[in-house]
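Quick notes on the structure that follows.
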Amino acid sequence: MTRSRLLLLLSMGCLIGAFFALDLGRYLSLAELQARQAQLSGWVQAHFGQASLLFMLIYVLTTALSLPGASLLTLVGSALFGVAWGLLLVSFASTLGATLAFLSARFLLRDWVRARFGDKLAQLEQGMAKDGAFYLLSLRLIPLFPFFLINLLMGLTPIRVSTYYWVSQLGMLPGTFVYVLAGNELATLTSTGNILSPGLMAALTLLGLMPLLMKSLVSLLQRRLALRRLHAPYQKPRRFDYNLLVIGAGAGGLVSSYIAAAVKARVALIEQHKMGGDCLNTGCVPSKALIRSARFAAEQRKAGALGFSPSQSRADFAAVMARIAEVIEQVEPHDSIERYQRLGVECIQGQARLVSPWELEVNGRRLSSRHIVLATGARPRVPDLPGLGEVPYLTSDNLWQLREPPRHLLVLGGGPIGCELAQSLALLGIPVTLVELADQLLPREEPEVAALLQAQMEADGVRVLTGWQAERVELDKNGEIALQLRQSTPQGDELMLIEGDRLLLALGRVANVTGFGLEELGVTLNPGGTVRVDAFLATNYPSILAVGDLAGPYQFTHFAAHQAWYAAVNALFSPFKRFRTNYRVIPAATYTSPEIARVGLNRREAQAQGIPFETTRFALAELDRAIADGEREGFVEVLTVPGKDRILGATIVGAQAGERLAEFALAMRHGLGLRKILATVHAYPTLMEGNKQVAGLWLQSWQQAHQPAWLPTLLARYHGWRRGA
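What the sequence shown shows, in full-length UniProt numbering, is residues 1 to 725, in sequence order.
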């Protein structure tokens, strides 16, 4: 140790030793302050300048030597010098003392610490060199650690002395003000009778809230600092061309731009392919048109049961596909450029690319907007399956181009898309084999629901293989597709080879996150590949929002439209008003036969989440309209809070399930229970009556569980009395 270090250490040791040896700490107590308050106040008034300098010297030494009593000295400063002058003295004295303690620790210990632990502290020192000011400010504002410990530890870091001083001055100021305010109130105490004075209570309340307030302030500063760094490479325009720019003209993009135009904002909608997105051109509309033709084929099979001679007509596959194209053309005007331009949306055909948080380029033009909504949708998932690159496979995107029916269609994937398409094409007379890796179709649904669907699909001509994994696909010299499957069993692995002339991939969808500048901008993604958004649908750039399949968590057209409302309103009216997205009641439907619709929880999800529930089920075989229509297969099942009629979830399996689900979605959204559904008059005979019937069963079960045992006897006696018996 050098002579100068030794001399400093001895000096500090002597001062600290004298403090304890002479018992100077007794003068830094509340009792001593109250006993000498009048004497000290008089001396301060007579020698104000000297008293101020002496107070500062004592405070600086106390802080520099890390002696106990700094908090009480802060109260003393307010009691003797008043709030304003006391705050000034304490603020500068505490910062000077803290800086001296910081310098002492750096001078005495830093070289030794770096020599012993330099390799382990390298990353810490890099972080402090980059963000030391912010870390120090956080520690000063949130008093989780004693300030004397912060002074000593910070001395071991590479933070600059000037930075340490001004950050400490700023960071300790809020806490100092609260202590000074409390000290000013404490100075007025004459007895315990006025200890609960309004001023003192306000000061103590502020003192108690200070950690929470400071934590919120630190979080705000942290977000601001992170945002400032994020925006650092870009120049924010002083003026904007638009209030809102929307990329993607699917459901999310159309609704976002429509809302913006409705509130008279200037909005541009950019689409590189077709207006309407996947829903209109390759998803909802064409698939439902296909399902309609398939259901007509299914109806023909029931001709005998309905009193007609069995029909011999066969599906004309080319005509079915031509009708699907016509349906798209008929719906197209609803999503057309002409309609949206009449509504006030500027529609631009081209590929957009983000170049900054407020700007994009399209067709050689650079457009700016205060906010940008991303609604680029998703594309069919293509697995990493050996041999797939040599096979001309189909997806839900290009299936609609077919005009010749497959001789044997292989479908990979037993989710909603795979089941809808496989069953529909089988009903048109096409041999179909569906392969699903899970042990059941529709893995998110209850096993009995999946089993019911599988039985119907097999009856409609689909060969269903569950629990099989596709390992390889090949194209032979005759153009046949051979799909090799493997299944693990207790007896060992089994292999199967299935053949067909067409392969349809229905393995879900992947968010479109590449090709328009997200990577270069550094927009954060979720592990599943979707864009990460907050509760207000903003990405890590507040000016960029995302909706629909791009953001998730659900991939439904109606969900994208639901998000789009929030995104448009939040973009156009923040920071004055923003709305948190509400995903509590999101209905979903699979348009197979039987149709499967659900909102909220099913039994599997409730059990997985540990949510207690009661189940009420009504079989459609007991519903008059279902009997008359010959649609008796299925049920209505409702999950409720135990002992209450509040709905946790509803599942409907059967004809028009998606249409009938709306009543339960409405009830859940607005907090209506099964009693309200039961009290609602439903037209007879309708399928909607099934909802009322399940509500009636719930009430019957509730009455049996809660009705007093003596009530039936009492009622019987009452009615006997009315008869004169």
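No residue lacks a Cβ here, since even glycine has one placed at the ideal position from N, Cα and C.
(message) Could you compute how far the alpha carbon of S356 sits from the alpha carbon of P416?
(response) Cα to Cα, the separation comes out at about 38 angstroms.
(message) If I follow the unbroken beta strand (DSSP E) through G492, where does it start and stop?
(response) In the DSSP annotation of this structure, the continuous segment of the beta strand (DSSP E) that includes G492 starts and ends at 492-500.
(request) Using a threshold of 9 angstroms, state whether the C-beta atoms of P612 and V641 are closer than that. (result) Yes.
(message) Could you compute how far the alpha carbon of V432 sits from the alpha carbon of R381?
(response) C-alpha separation (whole angstroms): 20 angstroms.
(request) Check G528 in the structure and name its three-state DSSP category. (result) Look at G528 here: in three-state DSSP terms it is coil, with no helix or strand label.
(message) For a test of the three-state rule: what should DSSP assign to T713, helix, strand or coil?
(response) In the structure shown, T713 sits in a helix (DSSP, three-state: H, G or I).
(message) Tell me the residue span of the beta strand (DSSP E) that contains S488.
(response) Element bounds for S488: 481-489.
(message) Restricting to Cα atoms, I'd like to know which of G248, G252, R342 is closest to A262.
(response) If we check each option's Cα against that of A262, R342 comes out closest.
(request) Determine which residues share a DSSP beta bridge with P708 and list them. (result) Answer by DSSP bridge pairing: none, since P708 is not bridged.
(request) Tell me, please, whether the region 632-647 touches the region 685-703 by the rule of three or more beta-carbon pairs shorter than 8 angstroms. (result) Because the criterion of three Cβ pairs below 8 angstroms is met, the region 632-647 and the region 685-703 touch.
(message) Beta-carbon within less than 6 angstroms of S191's beta-carbon, same chain only, minus the 5 sequence neighbours each way: which residues are those?
(response) Residue placement at S191 cannot be trusted, given a pLDDT of 39 that sits under 50; the coordinates are not used to answer.
(request) Measure the alpha-carbon distance for T110 versus S11 and round it to whole angstroms. (result) It should be pointed out that residue 110 corresponds to Arg in this sequence rather than to Thr. Spanning the two alpha carbons is a distance of roughly 19 angstroms.
(message) If you reduce the DSSP assignment to three classes, tell me which class T176 lands in.
(response) In the displayed model, T176 falls within a helix according to three-state DSSP.
(message) For S701, tell me which candidate among R660, S313, R722, G643 has the shortest Cα-Cα distance.
(response) Nearest option by C-alpha distance: G643.
(message) Does M496 pass the burial test, meaning 16 or more other C-beta atoms within 10 Å, or should it be called exposed?
(response) With fewer than 16 other Cβ atoms from the protein chains shown falling within 10 Å of its own Cβ, M496 counts as exposed.
(message) Distance check for P392 and D384, CA to CA, integer angstroms please.
(response) Distance between the alpha carbons of D384 and P392 is about 15 angstroms.
(message) If contact is defined by three or more beta carbon pairs under 8 angstroms, each pair taking one atom from either stretch, is the region 584-600 in contact with the region 658-665?
(response) Between the region 658-665 and the region 584-600 there are three or more inter-stretch CB-CB distances shorter than 8 angstroms, so the stretches are counted as touching.
(message) What ranges does the alpha helix (DSSP H) occupy inside the region 592-662, keeping only unbroken runs of at least 4 residues that lie completely in it?
(response) The qualifying runs are 603-608, 624-629, 657-660.
(request) Would you mind stating whether I498 and L465 have Cβ atoms separated by less than 9 angstroms? (result) Yes, Cβ-Cβ distance for I498 and L465 is below 9 angstroms.
(message) According to DSSP, simplified to helix, strand and coil, what is P405?
(response) Judged by DSSP in its simplified three-state form, P405 adopts coil rather than helix or strand.
(message) Assuming the contact rule is C-beta atoms closer than 8 angstroms, A551 and H371 should be a hit. Round their C-beta distance to whole Å, please.
(response) Going by Cβ atoms, the distance from A551 to H371 rounds to 15 angstroms, so no, they are not a contact pair.
(request) Give the straight-line distance between the Cα atoms of Y340 and C347, rounded to the nearest whole angstrom. (result) Cα-Cα distance, rounded: 7 angstroms.
(request) Assign W400 to buried or exposed, taking buried as 16 or more other Cβ atoms, counted over all protein chains shown, within 10 Å of its Cβ. (result) With 16 or more Cβ atoms within 10 Å of its Cβ, W400 is classed as buried.
(message) To the nearest angstrom, how far is the alpha carbon of D335 from that of P174?
(response) Rounded to whole angstroms, D335 and P174 show a C-alpha spacing of 56 angstroms.
(message) Could you compute how far the alpha carbon of A294 sits from the alpha carbon of L672?
(response) If you take the alpha carbons of A294 and L672, they lie about 37 angstroms apart.
(request) Please report how far the alpha carbon of Q312 lies from the alpha carbon of D629, in whole angstroms. (result) The straight-line gap from Cα to Cα measures roughly 22 angstroms.
(message) Would Y179 and L136 be called neighbours here (beta carbons separated by less than 9 angstroms)?
(response) In this structure, Y179 keeps its C-beta atom at 9 angstroms or more from the C-beta atom of L136.
(request) Tell me, please, which residues DSSP counts as bridged to T466. (result) Bridge partners of T466: E436.
(message) Can you tell me whether Q555 is buried or exposed? The criterion is at least 16 other CB atoms within 10 Å of its CB, across all chains shown.
(response) Q555 sits buried, since 16 or more C-beta atoms from the chains shown fall within 10 Å of its C-beta.
(message) Restricting to runs no shorter than 4 residues, where is the alpha helix (DSSP H) found entirely within the region 518-568?
(response) Under the rule that a run must span 4 or more residues, the alpha helix (DSSP H) segments found entirely inside the region 518-568 read 518-521.
(request) Count the C-beta pairs between the region 53-63 and the region 88-99 that are closer than 8 angstroms, then say yes if the count reaches three, no if not. (result) The way I'd put it, the region 53-63 does touch the region 88-99; three or more beta-carbon pairs between them come closer than 8 angstroms.
(request) Could you tell me whether the Cβ atoms of L290 and V267 are closer together than 9 angstroms? (result) In this structure, L290 lies away from V267, with their beta-carbon atoms at least 9 angstroms apart.
(request) Let me know if L196 comes out buried or exposed under the rule of 16 or more other beta-carbons within 10 Å of its beta-carbon. (result) Confidence at L196 is low in this model, with a pLDDT of 41, below 50, so the placement of that residue is unreliable and no value is reported for it.
(message) Taking the alpha carbon of T592 as the reference point, which residue from G350, R353, L96, L441 has its own alpha carbon closest?
(response) Considering only alpha carbons, the answer is L441.
(request) Taking 9 angstroms as the cut-off, decide whether the C-beta atoms of P594 and V653 are in contact. (result) Yes, the Cβ-Cβ distance between P594 and V653 is below 9 angstroms.
(request) Tell me whether the beta-carbon of A375 lies closer than 9 angstroms to the beta-carbon of G252. (result) In contact: A375 and G252 (Cβ atoms closer than 9 angstroms).
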